[in-house]
Structure formats: structure tokens, C-alpha cells
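To start, the structure under review is shown below, and the notes come after it.
2 protein chains.
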Amino acid sequence: MVSLEEKFLKLGVNNAPGQEMKTDINVTNKSMLVDFSHGDVDAFKPIPRSLEKFNEGFYLGGKQAYTEYKGKKTIRDDISEKISRFTNTQIESDKNLIITSGTQGALFLAMGSTISKNDKVAIMEPDYFANRKIAEFFDADIFSIQLDYFGVETGAGINLNQLEESFKKGVKLFLLSNPNNPTGIMYSSIEIKNIAKLAQQYNVTIIIDQLYARQVFDKREYIHLCAQREIDPENIISIMGPSKTESLSGFRLGVAFGSSKIIQRMEKLQAIVSLRASGYNQTVLDLWFSEPEEWLKERIKKHQLIRDDLVSKFKLYNDIFDVRATEAGSYLFPKITKFNTTMLNEFIEKLRTQENIIVTPGTEFGKQFKNSFRINFSQDHQSAVDAVGRLIELAKEYSK
Amino acid sequence: MVSLEEKFLKLGVNNAPGQEMKTDINVTNKSMLVDFSHGDVDAFKPIPRSLEKFNEGFYLGGKQAYTEYKGKKTIRDDISEKISRFTNTQIESDKNLIITSGTQGALFLAMGSTISKNDKVAIMEPDYFANRKIAEFFDADIFSIQLDYFGVETGAGINLNQLEESFKKGVKLFLLSNPNNPTGIMYSSIEIKNIAKLAQQYNVTIIIDQLYARQVFDKREYIHLCAQREIDPENIISIMGPSKTESLSGFRLGVAFGSSKIIQRMEKLQAIVSLRASGYNQTVLDLWFSEPEEWLKERIKKHQLIRDDLVSKFKLYNDIFDVRATEAGSYLFPKITKFNTTMLNEFIEKLRTQENIIVTPGTEFGKQFKNSFRINFSQDHQSAVDAVGRLIELAKEYSK
């Protein structure tokens with residue numbers, strides 16, 4: 001049995017995105033910091049009127065401060081309707097949806113409600129680093145499923161044989177993000193259907209993180225797992241929130257929707273984890289999915305243009321970098337093919353100290369990604385382009 | 001082994017304070033609802049300028065939205081200094097303090113960082129209901145320690161023999177609230193010293209919830225466990241927050257301070273539970289312990305006056321009620337001596353439907369408290385007095 005001591009030794013935060021400020025460093029380059037570890041909400045500001053909405057919530061007083069643990073009913077009603085429309089499913093606000101403290105909160109509650117010690121969990125690699133950490137916290141047994149994102153041209157490249165093998169071995173929960181974090185690649189319609197079929201066949205619960213499902217590029221269609229007829233809706237929890245595309249991360253708001261049984265457990269768990277998402281903050285959700293008409297389109301377009309510029313820059317040096325263009329969301333996950341497996345950490349440190357640029361090491365997303373790093377390009381366009389220019393120069397030096 | 005199914009069946013929320021609105025009921029009495037399950041932040045409003053502070057935080061933009069997981073450094077520095085002064089201890093902001101999503105968040109993280117399956121935990125009875133629920137969620141073995149709050153005139157009446165027995169049997173964590181929730185009674189200086197000595201002797205970690213430590217009546221002195229020389233500070237986590245006396249519950253802010261080892265674990269755990277307390281909200285902590293000079297005094301005085309009126313009312317009917325006057329905080333925990341053990345639930349339901357009054361059943365604080373109920377009297381003074389008048393009338397009817 002893993003002792004609590006060992007468990008917390010493994011549970012690191014120092015390389016996690018947003019924690020880099022903890023390291024005392026002496027930055028020699030005086031260019032402005034470009035922090036690719038998360039989006040810049042000063043470059044892409046929160047939904048218009050967010051602050052006013054919060055103020056309205058505050059003035060509602062006690063009834064807004066003390067909502068039900070799963071969130072205020074009128075707000076749940078409104079979101080349930082909007083998300084039903086977005087996903088083309090039927091979400092009943094009283095039993096299929098909970099408001100949480102960010103999507104991180106939703107993920108923790110969903111996992112805490114579905115797994116315990118020695119339960120078998122399938123996790124994609126690469127995928128959001130917290131998936132694995134939460135599974136380890138609950139002492140689950142992890143089955144890694146590989147994503148061959150460089151090996152396919154359409155779809156994410158999920159190894160479905162490996163997935164089925166893990167299901168055969170007794171996996172009860174399968175976790176994935178779509179678009180995939182950190183690659184920004186979307187699962188194809190066929191992949192989603194196959195995942196749905198397998199989960200149904202082996203009675204596996206799926207938790208799917210759809211955080212970036214609204215920021216899709218190149219007029220692609222987003223395929224909702226929860227809308228697939230092949231799978232019982234009671235076997236799925238989907239997670240969304242306004243922290244990324246909508247830049248509301250400072251409010252810590254998220255939702256989970258789907259299986260009534262799991263939502264009910266999540267409410268019970270939230271009651272002991274944090275009671276509820278901050279009451280006044282919940283009010284801001286009124287604006288979500290109700291943004292000014294052109295605002296969202298414009299935002300997606302701007303991100304697509306940044307992606308285009310960064311991807312072209314990397315592709316100019318395809319002797320050094322492998323990069324697959326983001327299909328949705330704000331992540332790029334370049335691989336430096338010229339590096340041996342020990343060079344990346346030093347490179348990332350030099351980037352930080354010499355160039356004032358922060359990126360997230362690939363190893364946060366799976367220990368085999370020793371040559372990759374993640375960039376969140378939701379940044380000021382020119383700053384991002386300049387920073388990637390400097391990053392490439394440094395990589396060239398290192399690759400000599 | 002307890003299955004996840006059984007675990008979540010036990011983990012109820014329907015009787016938890018603040019959840020009563022979930023029950024569809026037909027209230028016949030048209031008096032205004034008096035909800036004694038939690039404080040009324042419309043009667044006692046948040047610290048002046050709270051909303052302005054939040055707005056300042058929002059305008060700080062990205063650097064306030066994405067703080068370190070344990071909270072923004074400048075805010076931690078400020079609070080650490082204030083709490084060091086309040087408790088007469090040395091709290092270093094970089095290692096001894098974390099900002100959490102409410103004190104509920106602090107409690108969950110502290111327990112998740114100190115116990116796992118089959119660890120032995122001592123819990124007071126009565127005490128805050130979530131203590132037991134969190135311990136059960138982590139599959140801990142619970143030792144109940146009795147509080148004979150009616151049997152003593154000074155102090156809380158903790159059974160120290162029982163506590164030492166539990167420590168001898170291998171308890172590694174002891175949880176308590178001071179002032180005690182739900183009775184509003186404070187542990188005496190001698191009790192605190194004895195607890196500290198025993199914990200030191202048997203190397204037991206203590207988590208102490210001091211949520212109401214600033215709202216002390218009758219010029220009593222609050223005794224800080226963390227300031228006792230008898231115990232190694234590394235063995236204590238103290239929890240405080242501005243949700244009660246200061247009425248900031250709608251912002252979901254709390255802090256835990258003490259043991260550097262446990263604080264470090266709590267940060268790691270918070271990173272996967274909810275990332276951080278909402279960034280903008282953290283700004284509001286600047287006001288905490290810096291309230292306008294007379295504001296806090298006035299607030300405490302007003303609560304003491306409500307307590308006086310309610311306690312006198314109950315004491316007029318000492319053939320029906322046993323009540324011990326609150327020493328700190330806003331809770332009263334009257335016992336209806338005339339009821340047999342099956343009458344309370346019906347009484348509480350009648351109170352709700354006939355009188356539009358909500359109280360919390362004693363059984364939430366320990367299953368033996370079948371004749372007691374908790375009142376949070378942080379309410380409009382006259383409404384509270386009227387409601388208790390109606391409550392007494394109903395109890396008289398039932399006691400015939």
C-alpha cells in the first residue's frame with residue numbers, strides 16, 4: 001500500500017502551469033515575460049459585462065451567497081437549456097447538471113464519485129496532467145492509452161485496440177479531453193462512435209473534458225460524445241466551463257453534466273469539498289453561451305490567426321520540430337526531434353532565464369514526452385510570434 | 001471494504017444547512033422565512049468595501065486571475081502577519097499558510113493531507129457534521145469523543161480520559177472546532193493545555209476549526225491552541241475564514257495555517273481539487289482583520305444582545321428546554337427535554353411548514369443528539385426573537 005507520504009511526494013506542483021513564479025530565478029533578458037503555460041486574460045479579456053454581472057450577484061445578497069450546493073436553480077435552469085442546445089441532448093437542470101469550482105473542481109468531483117482504491121482507470125497519453133494525479137490520489141490502477149497524433153491525418157489517433165484491451169481487463173472509468181490537451185487535436189466522428197460503442201459494450205463510465213469545445217478552427221464540426229446513440233447517457237459525465245475561450249478563469253466556474261447518478265454523488269462530495277462554487281460568482285454564468293453575437297466568432301478567428309503564424313514558423317524548421325496544427329482550443333504541442341531525451345529540461349530552463357518565456361514540459365502529460373512542450377497561444381498575437389521566434393533560435397543553437 | 005455505492009449512500013446532503021430549499025414544501029404560515037440553518041448576510045452585511053475590493057482585484061487582470069495555487073503571495077504575506085498577531089505565533093507566509101475555497105475547502109484539504117484508509121481519527125461529539133463525513137469519505141476509523149457541555153460550568157466539558165484512550169489506541173488525527181459547533185461553547189485554558197499535552201505525548205496531529213474565534217462574548221479570552229508551548233507547531237493546522245462574523249461566505253474564502261509539512265501537501269491537493277481560491281475573490285481578504293475599528297466591536301455586541309434575548313426566552317421554559325448560553329459565535333444548541341427520541345423530526349418539519357422556520361436537527365452533529373437542534377442566530381434581531389417565540393409555542397404544544 002502506498003503511504004500518504006509517498007503519495008504526496010509524487011503529487012508535485014512545481015512544474016505545473018502557473019506555478020513557475022514560485023521558482024526564484026534571475027532572468028537576464030529584459031523582454032516582457034511571455035507565459036505560454038496558460039492563456040493571457042489581459043490579451044483576451046473576460047466576456048463583456050462579467051464584472052457588472054458579478055456586482056448584480058453581490059447585490060442579490062444572502063440568497064445568492066448561499067445557493068444550493070449544486071448551484072442556484074435559476075442559473076442551472078438557464079445553463080442546462082443552453083448546453084442542451086449546444087450538445088443536442090436533453091439535460092434536466094434538477095438532475096443532470098452541477099455548477100462547480102472551475103472545471104478542475106468538476107474533474108475532481110467526477111473522479112471522486114466514480115473511483116476508489118484499486119479501481120481500474122484508462123487515461124489517454126498525452127492528456128491533461130491532473131487526470132493522472134487525481135487517479136493516483138484515489139489509489140486507482142492506471143491503464144495508459146496511446147494517442148498517435150503524428151501518425152494520423154484526421155482524428156486524434158487513439159489506439160482503440162489498446163482501449164478495448166484495457167476494458168477487457170476490467171477498466172471501469174475512461175478519462176479523456178476533446179479537443180485533446182495538450183495537442184489541440186480533435187477525435188474524429190468515427191473515433192468518438194467507436195469509443196461510445198466500446199464503453200457501452202463493456203459498461204465503462206466516461207468522463208470527458210470538453211473545455212475548448214467552443215473554440216473550433218477551420219470550420220470543423222465538434223462531435224459530442226454525449227450525443228451518440230451508441231452509449232447510455234447515464235454512463236457519461238461531460239465537463240465544460242468558461243475559463244478558457246471566455247477568459248473567466250479568475251471566477252473559478254465550471255459545470256459537469258450527464259449521468260444523474262454521478263451528478264448526485266458529485267453534489268454530495270462538493271458539500272464536503274468546498275460547499276459550492278462562490279455564490280456571487282455563479283451569477284456570471286448568465287453571460288456564458290449568451291456572449292455578444294460577433295464576440296465569440298471574432299475571438300475564435302483571432303486565435304486561428306495566431307495558430308497559423310506559429311505553426312508556419314515551426315514548419316520552417318521541420319528538421320528540428322514536428323508540429324501538428326491545432327484543430328480546436330489554444331494549445332500546440334511541438335516535438336523537438338533533434339534533442340536527445342535529456343536536453344529538454346535544460347532548454348526550458350534557458351528559455352525561462354535567457355528569454356523570459358515559459359512553456360510547460362511534455363513530461364507533465366506523460367513521462368514519455370521528453371522532447372515535447374506545450375504552448376498556450378492565447379496571448380497577444382505579436383508577443384506570441386516574437387517569443388516563438390526566440391524559442392526557435394534557442395532550439396537551433398541547442399540542436400547544433 | 002465499503003463500496004463506493006455504500007459510501008455515497010451515507011454521504012447525505014438533504015438535511016445539511018442551506019439545502020432545505022431543495023425540499024418541495026407547502027408552507028402554510030405566511031410570515032417571512034427565518035432560516036436559522038445559516039447566518040443572514042442581509043441582516044449582517046459583508047465587511048464594508050468588500051465589493052469595491054473585488055472590483056479592484058478584477059481590474060488587476062491576469063496576474064490576479066492566475067495566482068499561485070496556495071494564493072497570491074502579497075495577500076498571503078499580509079494575512080500571515082495579521083494572523084500571527086491575532087494568535088501570538090509566528091506564521092511564515094511562504095510555508096505556514098494557504099488560501100482555500102472557504103474554510104470547508106481548508107478542512108477537506110487538511111484531512112485529505114493527513115489521513116487515508118483505516119487511519120484512526122478522533123472526532124468530538126457534537127461537532128461540525130462535515131468532520132465525520134470527510135473522515136468517512138477517506139475510509140478512516142472514527143473514535144468519538146464526548147463533550148459534556150451541560151455537565152460543566154466553565155470550559156467545554158471534553159472527556160480527556162476518552163481522548164487519551166483513543167490516542168493510546170493509535171489515533172493519528174484529532175479534529176475539533178473551538179468555539180464548538182454547534183454549542184457555541186469555548187474550551188477552557190486548562191482543557192486546551194491538556195489537549196496540547198496529550199497530542200504532543202502521543203504524536204497526534206490536530207486540525208482545529210477556529211471559524212468563530214473573533215466573535216467572543218462577555219469579554220472572555222480566546223485561547224489559541226496553536227500558541228501553546230506544550231505542543232510542536234508542526235503538529236497543528238488551524239483553520240479560519242471570513243465567512244461567518246464577517247459575512248463574506250458568498251466569496252468562498254478561507255485559510256489554513258500551521259504545520260509547513262501539511263500546508264505543502266494541502267497546496268498539492270488543492271492543485272487537483274480546484275486549482276486555487278477564485279483569484280479575484282482573494283483580493284477581498286485584504287479587508288479581513290482590517291475592518292473599520294468600531295465595526296467588529298459593534299457586530300459582536302449586536303450578536304451578544306440577540307443571544308441574550310434568545311437564551312432568556314428559552315430559560316423561561318426550563319421545564320421544556322435545556323440551553324447553555326453561547327460563549328462565542330452565533331450558534332445555540334437547545335435540547336428539548338420533554339421530547340422522546342422520535343418527536344424531533346416531526347417537530348422540525350412542522351416548524352418548517354407551519355411556521356416557516358428552519359433549524360438544523362441535532363442528529364447532523366452526532367446521532368445521539370435526537371432531542372437537540374441548532375440555531376444560527378446571526379439574523380435580524382426582531383425576526384430571530386419572534387421566530388424563537390413561535391418555536392417555543394410549538395414545542396409547548398408538542399410537550400403536552
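Residue numbers (our numbering), protein chains in the order written: chain B, 1 to 400; chain A, 1 to 400. Each residue gets a CB set at the ideal place from its N, CA and C atoms; glycine is no exception.
Discussion item. Between which residues of its own chain and B:Asp362 is the CB-CB distance below 6 angstroms, once the five residues before and five after are set aside?
Written reply: The sequence shown places Gly at residue 362 of chain B, not Asp. Cβ within range, chain order: Phe369, Ser372, Phe373.
Fill in: Per-residue burial, A:Tyr59 [other beta carbons within 10 Å of its own, 16 or more giving buried]
exposed
Fill in: In chain order, each beta strand (DSSP E) run of at least 3 residues that lies wholly inside the segment 200 to 233 of chain B
Correct list: 205 to 209.
Discussion item. For the pair the segment 134 to 154 of chain B and the segment 134 to 145 of chain A, tell me if three or more CB-CB distances fall below 8 angstroms.
Written reply: no
Discussion item. Does chain B have any CB closer than 8 angstroms to the CB of A:Lys414?
Written reply: Nothing in the structure corresponds to residue 414 of chain A, since chain A is present only between 1 and 400.
Worksheet entry | Residues bridged to A:Met111 [DSSP beta-bridge criterion] | Partner(s): none; A:Met111 has no beta bridge.
Item to complete: Could you name the residues of chain A that B:Asp40 contacts, counting a contact when the two beta carbons are closer than 8 angstroms?
Response: Result: Gly62.
Discussion item. With distance defined between alpha-carbon atoms, name the residue in B:Glu191, B:Phe129, B:Lys73 nearest to B:Thr360.
Written reply: Measuring from the Cα of B:Thr360, the nearest candidate turns out to be B:Phe129.
Worksheet item: Skipping 5 residues on each side, what residues in its chain have a beta carbon closer than 6 angstroms to that of A:Pro46?
Response: Ser247, Leu248
Worksheet item: What does A:Ala140 touch in chain B if you count any residue whose Cβ is under 8 angstroms from its own?
Response: Chain B residues near A:Ala140: none, gap ~11 angstroms exceeds 8 angstroms.
Practice prompt. Would you list, in sequence order, the uninterrupted beta strand (DSSP E) runs of no fewer than 3 residues that lie entirely inside the segment 232 to 256 of chain A?
Written response: Restricted to the segment 232 to 256 of chain A, the beta strand (DSSP E) segments that are unbroken, complete and at least 3 residues in length are 236 to 240, listed in chain order.
Discussion item. Taking the beta carbon of A:Gly329 as the centre, do at least 16 other beta carbons fall within 10 Å, making it buried, or is it exposed?
Written reply: Burial call: buried.
Worksheet item: If you measure from the beta carbon of A:Lys117 to each beta carbon in chain B, is any gap under 8 angstroms?
Response: yes
Practice prompt. Using a Cβ-Cβ cut-off of 8 angstroms, state whether B:Gly71 counts as contacting chain A.
Written response: No, because no Cβ of chain A sits closer than 8 angstroms to the Cβ of B:Gly71.
Worksheet item: Relative to the alpha-carbon of B:Leu269, which residue among B:Asn203, B:Ser166, B:Ile115, B:Asn376 has its alpha-carbon at the smallest distance?
Response: B:Ile115
Worksheet item: Mind checking whether A:Phe377 and A:Leu305 have CB atoms under 8 angstroms apart?
Response: no
Discussion item. With three or more C-beta pairs closer than 8 angstroms as the rule, is the segment 293 to 302 of chain B touching the segment 174 to 184 of chain B?
Written reply: no
Worksheet item: Helix, strand or coil for A:Gln90 per DSSP?
Response: coil
Item to complete: List the residues of chain A that B:Gly170 touches, going by C-beta distances under 8 angstroms, in chain order.
Response: The CB of B:Gly170 never comes closer than 8 angstroms to any CB in chain A; the least such distance is about 15 angstroms.
Worksheet item: To which residues of the same chain is A:Cys226 closer than 7 angstroms at the C-beta, ignoring the five residues directly before and after it?
Response: Excluding residues within five positions, the ones whose Cβ falls inside 7 angstroms are Thr87, Thr89, Pro233, Ile236, Ser238, Gly258.
Practice prompt. Please go through the same chain and pick out, in chain order, the residues whose beta-carbon is closer than 6 angstroms to the beta-carbon of A:Asp127, but skip the five residues on each side of it.
Written response: Correct list, in chain order: Ser177.
Discussion item. List, in chain order, every chain A residue whose beta-carbon is nearer than 7 angstroms to that of B:Ser278.
Written reply: Gly250, Phe251, Arg252, Ser278, Asn281
Worksheet item: Under 8 angstroms between C-beta atoms, does B:Phe137 make it to chain A?
Response: yes
Worksheet item: So which residues of chain B does A:Ser260 contact, with C-beta pairs closer than 7 angstroms?
Response: Residues of chain B passing the Cβ test: none, with the nearest at roughly 13 angstroms.
Discussion item. DSSP three-state label for B:Ala328, please.
Written reply: Looking at B:Ala328 - three-state DSSP - the assignment turns out to be strand.
Worksheet item: So who's on the other strand from B:Arg132, going by DSSP bridges?
Response: Answer is none; B:Arg132 lacks a bridge partner.
Worksheet item: Whose CA, out of A:Asn96, A:Val34, A:Tyr149, lies closest to the CA of A:Glu267?
Response: A:Asn96
Fill in: Burial state of B:Lys133, where buried means 16 or more other Cβ atoms lie within 10 Å
buried
Practice prompt. Compare the C-beta of B:Leu4 against all C-beta atoms of chain A and say whether one is closer than 8 angstroms.
Written response: yes
Practice prompt. List the residues of chain A that B:Arg265 touches, going by C-beta distances under 7 angstroms, in chain order.
Written response: Phe8
Worksheet item: On the three-state DSSP scale, how would you describe A:Lys120?
Response: Reduced to three states, the DSSP call for A:Lys120 is strand.
Item to complete: Determine the DSSP secondary structure at B:Gln146, reduced to helix, strand or coil.
Response: strand
Worksheet item: CB-CB under 6 angstroms to B:Phe339, same chain, minus the five flanking residues each way: which ones, in chain order?
Response: Asn371
Worksheet item: Excluding five sequence neighbours on each side, which residues of the same chain lie with their C-beta closer than 6 angstroms to the C-beta of A:Arg252?
Response: Ser101, Gly102
Discussion item. Can you look up B:Arg265 in the DSSP assignment and give me helix, strand or coil?
Written reply: Helix at B:Arg265.
Worksheet item: Helix, strand or coil: how does DSSP classify B:Lys53 here?
Response: helix
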